[in-house]
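Protein chains: 4
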Amino acid sequence: MPFGTIRVQSLLRAVIPEAHSGPFEMIIVMQRGASEPQIEHLTKYLASRGILAERMDGHEQTVIGIVGSNGGYDIASLSAMSGVQEVVRVSTPYRLSARTSHVEDTVIKMPDGTCIGGNAPSIVIAGPCSVESEDQLRRTAECIRKAGVRFIRGGAFKPRTSPYSFQGLGFDGLELLKKVSEEFGLFIVSEVMEPAHVPAIAEFTDIVQIGSRNMQNYPLLRQIGNIRKPAMLKRGAGATIEEWLMAAEYILAGGNDKVVLCERGIRSFETSLRFTPDLGAVPVVKKLSHLPVIVDPSHGTGRREFVSSIARAAIAVGADGVMVEVHPDPDRALSDGAQSLTFELFEEMMGELVRVADAVNRPLLVEQFHAAAQHSVPVR
Amino acid sequence: MPFGTIRVQSLLRAVIPEAHSGPFEMIIVMQRGASEPQIEHLTKYLASRGILAERMDGHEQTVIGIVGSNGGYDIASLSAMSGVQEVVRVSTPYRLSARTSHVEDTVIKMPDGTCIGGNAPSIVIAGPCSVESEDQLRRTAECIRKAGVRFIRGGAFKPRTSPYSFQGLGFDGLELLKKVSEEFGLFIVSEVMEPAHVPAIAEFTDIVQIGSRNMQNYPLLRQIGNIRKPAMLKRGAGATIEEWLMAAEYILAGGNDKVVLCERGIRSFETSLRFTPDLGAVPVVKKLSHLPVIVDPSHGTGRREFVSSIARAAIAVGADGVMVEVHPDPDRALSDGAQSLTFELFEEMMGELVRVADAVNRPLLVEQFHAAAQHSVPVR
Amino acid sequence: MPFGTIRVQSLLRAVIPEAHSGPFEMIIVMQRGASEPQIEHLTKYLASRGILAERMDGHEQTVIGIVGSNGGYDIASLSAMSGVQEVVRVSTPYRLSARTSHVEDTVIKMPDGTCIGGNAPSIVIAGPCSVESEDQLRRTAECIRKAGVRFIRGGAFKPRTSPYSFQGLGFDGLELLKKVSEEFGLFIVSEVMEPAHVPAIAEFTDIVQIGSRNMQNYPLLRQIGNIRKPAMLKRGAGATIEEWLMAAEYILAGGNDKVVLCERGIRSFETSLRFTPDLGAVPVVKKLSHLPVIVDPSHGTGRREFVSSIARAAIAVGADGVMVEVHPDPDRALSDGAQSLTFELFEEMMGELVRVADAVNRPLLVEQFHAAAQHSVPVR
Amino acid sequence: MPFGTIRVQSLLRAVIPEAHSGPFEMIIVMQRGASEPQIEHLTKYLASRGILAERMDGHEQTVIGIVGSNGGYDIASLSAMSGVQEVVRVSTPYRLSARTSHVEDTVIKMPDGTCIGGNAPSIVIAGPCSVESEDQLRRTAECIRKAGVRFIRGGAFKPRTSPYSFQGLGFDGLELLKKVSEEFGLFIVSEVMEPAHVPAIAEFTDIVQIGSRNMQNYPLLRQIGNIRKPAMLKRGAGATIEEWLMAAEYILAGGNDKVVLCERGIRSFETSLRFTPDLGAVPVVKKLSHLPVIVDPSHGTGRREFVSSIARAAIAVGADGVMVEVHPDPDRALSDGAQSLTFELFEEMMGELVRVADAVNRPLLVEQFHAAAQHSVPVR
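Written as structure tokens, this is what we have:
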């Protein structure tokens, strides 16, 4: 059998120990008038699936609390059983990405000690949508580095809505990124699109990006779970916050605990911007999860004239950073030119972000680069 | 005929002069291969409706530009005519609320000279969801006044999703608002829900609020157009920005040019907050319109723990102010307790907003009140 | 005090008796580790507000069930109290419109015995968007009457997005409707837009329509609750099914139990149609409520070419009828021409609906009209 | 360079010939008052990118029509150029999937002559969410075969929101599917989740399914473009119809022209069902594209009680078929039990679909199976 070796990965690394106590995960409210046989049938059914349930009888109505299920149930199925009025989940379906399981903020440490998340300075990730040429990349790197930025973004493998659009330079693009980023002391953020590419791309990048279209590409997430490089997980445009945290769970469950979430706009009925930046998601995620969360106002708005204002709002609302697109000549960009900042607009935005970040007591990471010394020193 | 007097108002005050020149409002692209008779039928049809059209022939395809239509067409109807490939609107359907018709920002001046919009300081409107009692109102007024706020909100007529919920104190509530606001030198913002109440409520308030559920209540908007008090128009939860500006157009067309827009969250698939605060709408509206726009993070989020962060983001994104709910004892509020700030949280938020507003060069309006002098003086 | 007479209506007619038993309305799940004082504080708080609560202690965690609250609580506020993990509503917030309170389908009987809802034949309501002239109306009435239709729609008071669009003929339009409908033995469906017009418009119409923009116009709903004519409540484009049923509750609570719900498309991110017809809402509403529900594919799609297919689907999915726009010359309609069927398309659609309605065992109401006999007889 | 072999695929097979004539793809409306140098700068810019443009001068305003661009532009970027008022696309961005490029309906022929699409009978695809065991599969196959169904669905590789949920039996599941389907003369529909699995899974299945979460997984779509088996492309829950057709374009551009589209519910603010079935998408897609489109009411609703009504509506609205989940014991299903039909409900639904399909003149494909003869014969 020629494909015997590519069976689906059946067990996640993070085996969940049999939980025989714990908070209620779910409450089943029986109908008023549910019969004793109905209640017993349900409790036996739960027991037969290894689910620990506690029965609590009210005056006229019975409630069943569930602990230690290991997720071995389906709310909708239980809801459909006879005698059941309603089934409500009272805990989150994600575990490792939940704040309850990890009270402290996750802080991701880059090799030189630069941190993302927690109380670390807010970061800016900047760079072109796609890597197009060495010249384009070096000019951009120089511009953002002068402004104190430490992270460069640049797509080498591009997910494009149209098959007729530029699809990226591939590994040639990654080699350019590597070369230029070393010159300027920048960390590389770049996207990976398919599971088979993960190990190779992880070699080239400092933060591996999972794009919004791949947020629920589970084979890809599992491969990301296998590496030990930080991963930036963009939210799908049609994904709820819960689904986003469940996607992060795939990576965490694989053993990679360095996940940065990136909000980049959701689909709503409002079409004046390309997407609807969901800034409310930032404090919500901060409450539900310990993972750092940044905002991408370039994809969220789709138009450069709105990038700076959403970036300011992202910092004000409490994000751990922003990621923006910058291009030396946006009109001639091979992708996403309309949302790329010019160098001038980028520098202006940086000035604004420094002030807003100070105002909310999360100063922006702004580091001058000493080419001679080959290392970074804080500007301020 | 007993109801002869309540005929629908057939003509708006702002009569639009016959426009025989002007920019293209609409472009009709004929199909490649559209026949001469088809093109002629269309141009005659337009002429018969008094629509000025210009025909432009390309190499193989004809394009028709429309000016001076006075809106006497329906895009979808034209699209359905034979030989037509596509009809695209190239101007906005609102006129008086458009930035193109009024390049300068509208600045609304309150009787004492306090301004809203333009480069005037950002404002804070604060107060309880509903007026419940004199004590509740006075305590709240004192709290917000100490923090330098000049505008108090408080609902007397409440639109409630459930008919069984508290519906407001009505005019008794307005009298309480009047009494307390005079004591503390506050401007009153309160909602009107039906056309017949407009004149009376306008007497009692400084800014008349149209709630989000009434954003397209046209008889109400027409009545608001008849008064000369400033009006705050909340965006409907399911309304596009264009519909919102069209609703403002009803008020402006009636002759009342003092409209403040208020973004308060839209419906999206994300349900972790009560609504999705659409902060991107602020810079979009600022571009499309000259009207001031403020943000209501209390209704936008529905939960007090998220109010401050969205308020900070609103100021950072460029709003002309925020409106928040404050209550001396939110747990006992008769409405919207969950989203009302306690006094402590309110004061904390004010401190944050002052800093963010400074960072974006739109200092917050913070005025100390001298009871003795019966007037306000700037705190800073 | 000059406006003493227009105080807000403080009590709904349908006074809800003190419920001291009943099914759980809400379940409060305390945190594991919630202290006894926290639990006691909560139960005392509930008691102080007249809310009947039952405490159920699990092995390590306590659950509180609430009955007989009369809605005197706010879920979000309770959620915010200390020691509380989660508060979940387990019953619907509407009562009179709920299937649980009224197990049998509501069937609305017109004066001549024609029925809407239950097992009665599916109905078709047809007519122009706006009443424009007697000729337009008579020709349309004749067309639909020949096809066996018994209900004519026609707007006299029009809610228009733009203040510059045709706003309807007002009461003149209603008079035309009255005249023509009597000629052809048709029931009139027409919209009311403001509370003060309700009694007069109710005189003229057989079914009073509340438009989607006014779904949460509570003063209007209260007035509709005061009359005894059937009311058709269109769903707001941004309204959840729960909010829609809550709006119906306003009418029912006022004492008018003849409510027909009308689904007419919701706002979603998909913009290829004017709205997104939510046909899934039909079986959902049928499960949650006893009220008849019809579908408006004209507003739902905004384009005539899609009206028939959505109408067929509406009948197939189980709706009690459909409402469509028909116009003798849609290209020259003063409103909504693009979504109005021509007579030919209308007749074709009727043939299709008859077949689909038969296929799902809800034959279409198709009645021939004998002008001589001045009454209707079934065609089939 | 060790990974030289996995460069991104840079050129699609379907090379688009230089188009020097054709319909306008885009119209650029210059501002009234745009200067001659602005217009010239724009036309030179277009020429420099190989874009063929036609200038049409109106009385006071210039319009530029674009043909033959090969997509080498970005609407938003052009919009941002000086002198430009608005840029509007007047053709669709997809080509091979557009009705304009392929006027006749695509009809997909299975090896035995069974057809999907066009005027072929409507099909039903039925089976369990996941393949769980041989017994489960055989019982299900027997049930659906008796009802005349020719297509069995069953997931072997499952995309699950939670990493802790059952992930499918992998290739063992496909072997079971193969065995059982041969026994009963059924075509297999099963999902592929990663590019590397495509060739192997295509061996096992008759129709390869791309799940909604992978609708924009471009490396996967490219691999599907390389095979010659029919592909079923589910719509992403957050994807517009245009994006869906663009995703189909990836497969078609790869050379695989056997694409069936599957609508399975979109995300909207309405949460009473798991998703919002977008039945309006069926006639819209039929107009825009030549590809067959079916509907999945199981995923669209998430609850078995609503599956039949949405399936009926799907057939009535004009879909080429439906795909539903059936399970011998849904309460014990390892995935999606709540939305799986029992055998009884399935048979009832089939009876309903036969009637509705007849009513709309697209009879359902219902074929009896003669085990002895090893072939299918029509039941009716």
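Chains as they are written, first to last, in my numbering: chain C, 19 to 398; chain Z, 19 to 398; chain P, 19 to 398; chain L, 19 to 398. Here a beta-carbon is modelled for each residue, glycine too, at the ideal position from N, C-alpha and C.
Q | MET264 of chain C (DSSP reduced to helix, strand or coil) | A | In the first sequence, residue 264 of chain C corresponds to position 246, counting from 1. Helix, per DSSP.
Q.
Taking a contact to mean a Cβ-Cβ separation below 8 Å, would you say MET211 of chain L touches PRO217 of chain C in this structure?
A. Here the question's residue 211 of chain L lines up with position 193 in the fourth sequence. Here the question's residue 217 of chain C lines up with position 199 in the first sequence. Their beta carbons are not under 8 Å apart, which means MET211 of chain L does not touch PRO217 of chain C by this criterion.
Q: Mind the definition here: the segment 65-84 of chain L touches the segment 124-141 of chain L only if three or more C-beta pairs lie below 8 Å; say whether that holds.
A: no
Q) Using a C-beta to C-beta distance shorter than 7 Å, which residues of chain P count as neighbours of ARG373 of chain L? A) As a working mapping, residue 373 of chain L is identified with position 355 in the fourth sequence. Within 7 Å Cβ-Cβ: ALA377.
Q) Are the beta-carbon atoms belonging to LEU359 of chain Z and GLU370 of chain Z less than 8 Å from one another? A) Within the second sequence, numbered from 1, the residue matching residue 359 of chain Z stands at position 341. Within the second sequence, numbered from 1, the residue matching residue 370 of chain Z stands at position 352. The answer is no: Cβ separation not under 8 Å.
Q: Within the segment 230-281 of chain L, note down every full beta strand (DSSP E) run reaching 3 residues or more, in order along the chain.
A: 249-252, 277-281
Q) Which class does ALA337 of chain P belong to by DSSP, given the choice of helix, strand or coil? A) Here residue 337 of chain P refers to the residue found at position 319 when the third sequence is read from its first residue. Of the three classes helix, strand and coil, the one that applies to ALA337 of chain P here is coil, per DSSP.
Q: For my contact list, PHE42 of chain Z and GLY68 of chain Z are in at a C-beta cut-off of 8 Å; report their separation, rounded to the angstrom.
A: Along the second sequence, one-based indexing puts residue 42 of chain Z at 24. Along the second sequence, one-based indexing puts residue 68 of chain Z at 50. Incorrect: roughly 17 Å between the Cβ atoms, too far for contact.
(Q) Give the list of continuous alpha helix (DSSP H) stretches no shorter than 4 residues that lie fully inside the segment 77-106 of chain L. (A) 93-97
Q. What does a CB cutoff of less than 7 Å around TYR268 of chain C pick up in its chain, not counting 5 residues either side in sequence?
A. In the first sequence, counting from the first residue as 1, residue 268 of chain C sits at position 250. Same-chain partners within the cutoff: TYR236, LEU239, ARG240, GLY243.
Q: Assuming GLY173 of chain C and ILE162 of chain C form a contact by the criterion Cβ under 8 Å, report the distance between their Cβ atoms to the nearest whole angstrom.
A: The count along the first sequence starts at 1 and reaches residue 173 of chain C at position 155. The count along the first sequence starts at 1 and reaches residue 162 of chain C at position 144. Contact doesn't hold; Cβ gap of about 16 Å is too wide.
Q: Check whether the segment 349-357 of chain L touches the segment 377-388 of chain L, counting contact only when three or more Cβ pairs, one atom from each stretch, lie closer than 8 Å.
A: no
Q. Taking 7 Å as the cut-off, is the CB of ILE259 of chain L close to at least one heavy atom of the ligand MN?
A. Among the components of this structure there are no ligands whatsoever, and the ligand MN is therefore not found.
Q: Go to SER199 of chain Z, then tell me how far its alpha helix (DSSP H) extends in each direction, as first and last residue.
A: The residue given as residue 199 of chain Z occupies position 181 in the second sequence. Per DSSP, SER199 of chain Z belongs to the alpha helix (DSSP H) from 189-202.
Q | For LYS197 of chain P and ALA249 of chain P, the rounded distance between their alpha carbons | A | Looking up residue 249 of chain P in the third sequence gives position 231. Looking up residue 197 of chain P in the third sequence gives position 179. The alpha-carbon atoms of ALA249 of chain P and LYS197 of chain P are separated by roughly 21 Å.
Q: Rank C:SER109, C:ILE170, C:LYS62, C:GLY101 by C-alpha distance to the C-alpha of VAL47 of chain P and give the top, closest one.
A: The residue labelled residue 47 of chain P in the question sits at position 29 within the third sequence. It is C:SER109 whose Cα lies nearest to the Cα of VAL47 of chain P.
Q | Residues that DSSP places opposite ARG171 of chain Z in a beta bridge | A | In the second sequence, counting from the first residue as 1, residue 171 of chain Z sits at position 153. In the DSSP output, where bridge partners are listed per residue, ARG171 of chain Z has Z:VAL207.
Q | Cα-Cα separation between ARG373 of chain L and VAL300 of chain L, rounded to whole angstroms | A | Walking along the fourth sequence from the start, residue 373 of chain L turns up at place 355. Walking along the fourth sequence from the start, residue 300 of chain L turns up at place 282. If you take the alpha carbons of ARG373 of chain L and VAL300 of chain L, they lie about 20 Å apart.
Q.
I need the straight-line Cα distance from SER95 of chain Z to PHE361 of chain C, nearest angstrom please.
A. Sequence index remark: in the second sequence, residue 95 of chain Z carries index 77 (1-based). Sequence index remark: in the first sequence, residue 361 of chain C carries index 343 (1-based). Distance between the alpha carbons of SER95 of chain Z and PHE361 of chain C is about 46 Å.
Q.
Measuring straight from C-alpha to C-alpha, what distance separates ARG107 of chain P and GLU160 of chain C?
A. The residue given as residue 107 of chain P occupies position 89 in the third sequence. The residue given as residue 160 of chain C occupies position 142 in the first sequence. Rounded to the nearest angstrom, the two C-alpha atoms are 56 Å apart.
Q) Within 10 angstroms of its Cβ, does SER119 of chain P collect 16 or more other Cβ (buried), or is it exposed? A) Position 101 of the third sequence, counting from 1, holds the residue named residue 119 of chain P. Counting Cβ neighbours within 10 Å, SER119 of chain P comes out exposed, since fewer than 16 surround it.
Q: With a 10 Å radius around its C-beta and 16 neighbouring C-beta atoms as the bar for buried, classify GLU150 of chain Z as buried or exposed.
A: Counting from one through the second sequence, the residue named residue 150 of chain Z turns up at place 132. Answer is buried; the Cβ neighbour count reaches 16.
Q: Please say whether ALA255 of chain L and SER290 of chain L have beta carbons closer to each other than 8 Å?
A: As a first step, residue 290 of chain L is located in the fourth sequence; it is residue number 272 there, counting from the start. As a first step, residue 255 of chain L is located in the fourth sequence; it is residue number 237 there, counting from the start. In this structure, ALA255 of chain L does not lie closer than 8 Å to SER290 of chain L by Cβ.
**Q.** N- and C-terminal bounds of the alpha helix (DSSP H) containing ILE57 of chain C
**A.** For this step, residue 57 of chain C is matched to residue 39 along the first sequence. 54-66 is the span of the alpha helix (DSSP H), which, as asked, contains ILE57 of chain C.
Q.
Run through chain C and tell me which residues come within less than 7 Å of SER286 of chain P, C-beta to C-beta.
A. Within the third sequence, the letter at position 268 stands for residue 286 of chain P. Under the 7 Å cutoff, chain C gives PHE287.
**Q.** chain Z contact residues for ARG321 of chain L, given Cβ-Cβ distances below 8 Å
**A.** Here residue 321 of chain L refers to the residue found at position 303 of the fourth sequence. Correct list: empty, because the minimum Cβ distance to chain Z is about 18 Å.
Q: Would you kindly report the start and end of the unbroken beta strand (DSSP E) that includes ILE225 of chain C?
A: Position 207 of the first sequence holds residue 225 of chain C. It spans 225-228 - the beta strand (DSSP E) in which ILE225 of chain C sits, taken as one unbroken run.
Q) Which whole-angstrom value is the C-beta distance of PRO111 of chain C and GLU260 of chain C, which I expect to be below 8 Å? A) Your numbering for residue 111 of chain C matches position 93 in the first sequence. Your numbering for residue 260 of chain C matches position 242 in the first sequence. Their Cβ separation, rounded to whole angstroms, is 7 Å, which keeps PRO111 of chain C and GLU260 of chain C in contact under 8 Å.
Q) List, in order along the chain, the chain C residues whose C-beta lies closer than 9 Å to that of ALA71 of chain L? A) Here the question's residue 71 of chain L lines up with position 53 in the fourth sequence. In chain order: nothing, as chain C lies at least about 16 Å away.
Q: Measure the alpha-carbon distance for ARG113 of chain Z versus LEU297 of chain L and round it to whole angstroms.
A: The residue given as residue 113 of chain Z occupies position 95 in the second sequence. The residue given as residue 297 of chain L occupies position 279 in the fourth sequence. Those two C-alpha atoms are separated by around 36 Å.
Q: Using 10 angstroms around the beta-carbon of ASP130 of chain C, count the other beta-carbons present and answer buried if the total reaches 16, otherwise exposed.
A: As a first step, residue 130 of chain C must be located in the first sequence, where it is residue number 112. Its Cβ having fewer than 16 others within 10 Å, ASP130 of chain C is exposed.
Q: Would you mind stating whether PRO346 of chain P and GLN154 of chain P have Cβ atoms separated by less than 8 Å?
A: Along the third sequence, read from residue 1 onward, the residue named residue 346 of chain P stands at position 328. Along the third sequence, read from residue 1 onward, the residue named residue 154 of chain P stands at position 136. Taking 8 Å as the Cβ cut-off, PRO346 of chain P and GLN154 of chain P qualify as a contacting pair.
Q: Find the residues of chain P that neighbour GLU281 of chain Z, judging by a C-beta separation of less than 8 Å, and give them in chain order.
A: Looking up residue 281 of chain Z in the second sequence gives position 263. Result: empty, since nearest Cβ-Cβ is about 14 Å, beyond 8 Å.
Q.
Please return the same chain residues whose Cβ sits closer than 8 Å to the Cβ of SER148 of chain Z, not counting the five positions on each side in sequence.
A. Start at 1 with the first residue of the second sequence, and residue 148 of chain Z comes out as number 130. Once the five neighbours on either side are set aside, the close Cβ partners of SER148 of chain Z are GLY172, GLY173, ALA174, LYS176, PHE184, GLY186, LEU187, GLY191, ALA351, LEU352, SER353, ASP354.
Q) How close, in whole Å, do the beta carbons of THR80 of chain Z and ILE45 of chain Z come, if the pair is a contact with beta carbons under 8 Å? A) Numbered from 1 along the second sequence, position 62 holds the residue referred to as residue 80 of chain Z. Numbered from 1 along the second sequence, position 27 holds the residue referred to as residue 45 of chain Z. Contact doesn't hold; Cβ gap of about 11 Å is too wide.
**Q.** N-terminal and C-terminal residue of the beta strand (DSSP E) that MET74 of chain Z is part of
**A.** Position 56 of the second sequence, counted from the start, is the residue given in the question as residue 74 of chain Z. That run of the beta strand (DSSP E) goes 70-75.
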